[in-house]
Amino acid sequence: MFGADAYVLGVPVDQKTADKLNELIISIARQEPSLGVAKDLTKKIVVKPEFHVTLGVFHPGVFQSNKGLFKHLLNFLRTHPGAYAELKKLFNGKCTIKGIGFDKHDVKSSDVVWAAVESSEVHAIRVKVHEILGLAGIEDSSFIFTNPHITLLMKSGKGDVHDIGKPLKLPLHGFLDERSIDFDFETTNFYGKHSKVVASFGRECDGKPSDKFKKVLTDAINADKPKEVEYNWGALFKSADFRAQAKEIKTILTDPDKGAKELAKLLGKDMGAVMKLLKS
């Protein structure tokens, strides 16, 4: 629908919600074997640096031409201050995310994964924007409203898919320890190419999380690594019973290629006593 350069009407999320969405992406990747939480994930998927609820999509040509949609819309708002004031008052509310969706039958086969959004205010905003666009002389063929959704990830080499419904397919609690993500909004933006904000209504909000996705991924990878066990080596080397074997015991326990079986061969029935000493 309208190609990769289409303009978008959207609601940016707050930073806390953006952080939660990055967490959701990590959980999706962890549950999908074809993705996985590893360094090469960023080669498999594209995650935008900001998150917004997409409400509608607009043909880029009518925005970019001298007689385009954007010029018409801005001129209309300049000459109708009441409409502009009403928009600013209208462009706020609450959104709820209860799950995710994807363009094919599962995450593995899909090109795009999104968070499905529910909001009564979003519906009211779309009705009002439709009304204003009509009053500004913009034809319906130049824009289309979509199911409210937040694009979470796109497979590398693939773009977003606008010309389909964006329903909920899997519940949120299958990925996070909560049944919904709720957030308030006070801003609605028009986004251009690469999600650049070309016009904003309401308080400034960029939709960006605290950290870039690469750092979030690195933190998740590190969190998945097994924790190193801390041993009380001093107690072992000071032990009258095991001082003579202490060096050999330490060599076995710190060698990743050796394990409990080899230590058991060395210590036999004394293994329990040694481990108790090391963990003291």
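For any residue, its number in our numbering is found by taking its place in the sequence shown, counting from 1, and adding 661. We treat Cβ as the ideally placed atom computed from N, Cα and C, and that holds for glycine. On a predicted model such as this, the values are computed, not experimentally measured, just so you know.
(request) Counting only the same chain and skipping the five closest in sequence on each side, list residues whose C-beta sits under 6 Å from that of residue 656. (result) There is simply no residue 656 to check, as the chain begins at 662 and stops at 941 in what is shown.
(request) Measure how close the beta-carbons of residue 778 and residue 810 come, nearest whole angstrom, since I'm counting them as under 8 Å. (result) Rounded to whole angstroms, the Cβ separation of residue 778 and residue 810 is 6 Å, and the two are in contact under 8 Å.
(message) With three or more beta-carbon pairs closer than 8 Å as the criterion, would you say the region 825–840 touches the region 673–688?
(response) Yes, they touch.
(message) Between the alpha carbons of residue 781 and residue 708, how many angstroms are there, rounded?
(response) In a straight line, the C-alpha of residue 781 is about 27 Å away from that of residue 708.
(request) Evaluate contact between the region 818–825 and the region 740–754, counting only Cβ atoms and requiring at least three cross-stretch pairs below 8 Å. (result) The region 740–754 and the region 818–825 do not touch, with fewer than three beta-carbon pairs separated by less than 8 Å.
(message) How far does the beta strand (DSSP E) with residue 672 in it extend, from its first residue to its last?
(response) From DSSP, the beta strand (DSSP E) with residue 672 extends over 668–673.
(request) Measure the alpha-carbon distance for residue 791 versus residue 808 and round it to whole angstroms. (result) Near 15 Å, if we compare the C-alpha coordinates of residue 808 and residue 791.
(message) If you reduce the DSSP assignment to three classes, tell me which class residue 852 lands in.
(response) Residue 852 falls in the strand class under three-state DSSP.
(request) Use the C-beta contact count for residue 929: other C-beta atoms within 10 angstroms, 16 or more gives buried, fewer gives exposed. (result) By the 10 Å Cβ count, residue 929 comes out exposed.
(request) Could you spell out where the beta strand (DSSP E) holding residue 976 opens and where it closes? (result) Nothing about residue 976 can be reported from this structure: the residues present for the chain run from 662 to 941 only.
(request) From the DSSP output, in three-state form, read off residue 661 for me. (result) The chain is shown only over 662 to 941; residue 661 falls outside these bounds and no answer can be derived.
(message) So, with DSSP's three-state summary, where would you put residue 769?
(response) Coil at residue 769, not helix or strand.
(request) Count the other CB atoms, across all protein chains shown, that sit within 10 Å of the CB of residue 681; report buried if there are 16 or more and exposed otherwise. (result) Buried: at least 16 other Cβ atoms inside 10 Å.
(request) Over the uninterrupted beta strand (DSSP E) stretch that includes residue 890, give me the two end residues. (result) No beta strand (DSSP E) holds residue 890; DSSP gives it neither H nor E.
(message) Once DSSP output is grouped into helix, strand and coil, what is the label at residue 713?
(response) It is a strand residue.
(request) Determine the direct distance from the alpha carbon of residue 883 to that of residue 857, and round the result to whole angstroms. (result) Between residue 857 and residue 883, the alpha-carbon positions lie close to 32 Å from each other.
(message) Check this for me: beta carbons of residue 667 and residue 712, under 8 Å apart or not?
(response) For residue 667 and residue 712, no; Cβs fall outside 8 Å.
(request) List the whole-angstrom C-beta distance separating residue 788 from residue 756, where the pair is believed to meet the contact cut-off of C-beta under 8 Å. (result) Rounded, the Cβ-Cβ distance is 16 Å, inconsistent with contact.
(message) At the level of alpha carbons, what is the spacing between residue 719 and residue 762?
(response) Those two C-alpha atoms are separated by around 22 Å.
(request) Would you check if the distance between the CB atom of residue 877 and the CB atom of residue 815 is smaller than 8 Å? (result) Not closer than 8 Å, so no.
(request) Go ahead and pull the three-state DSSP assignment for residue 823. (result) Reduced to three states, the DSSP call for residue 823 is coil.
(request) Please report how far the alpha carbon of residue 727 lies from the alpha carbon of residue 697, in whole angstroms. (result) Low per-residue confidence applies at residue 727: pLDDT is 42, beneath 50, and the placement is therefore not dependable, though the value from the model is reported in the following sentence. Cα-Cα distance, rounded: 47 Å.
(request) Just mark residue 880 as buried or exposed, buried being the case when its beta carbon has 16 or more other beta carbons within 10 Å. (result) By the beta-carbon neighbour count (other beta carbons within 10 angstroms, threshold 16), residue 880 is exposed.
(message) Can you look up residue 829 in the DSSP assignment and give me helix, strand or coil?
(response) In this structure, residue 829 counts as coil in the three-state DSSP scheme.
(message) Could you check whether residue 786 and residue 752 sit closer than 8 Å to each other, using their CB atoms as the reference points?
(response) Residue 752 places its beta carbon less than 8 Å from that of residue 786.
(request) Could you tell me how far apart the beta carbons of residue 897 and residue 913 are, in whole angstroms, since I believe they sit closer than 8 Å? (result) The pair is not a contact, with the Cβ atoms about 12 Å apart (cut-off 8 Å).
(request) Pull up the distance between the alpha-carbon of residue 716 and that of residue 849, whole angstroms please. (result) Rounded to the nearest angstrom, the two C-alpha atoms are 10 Å apart.
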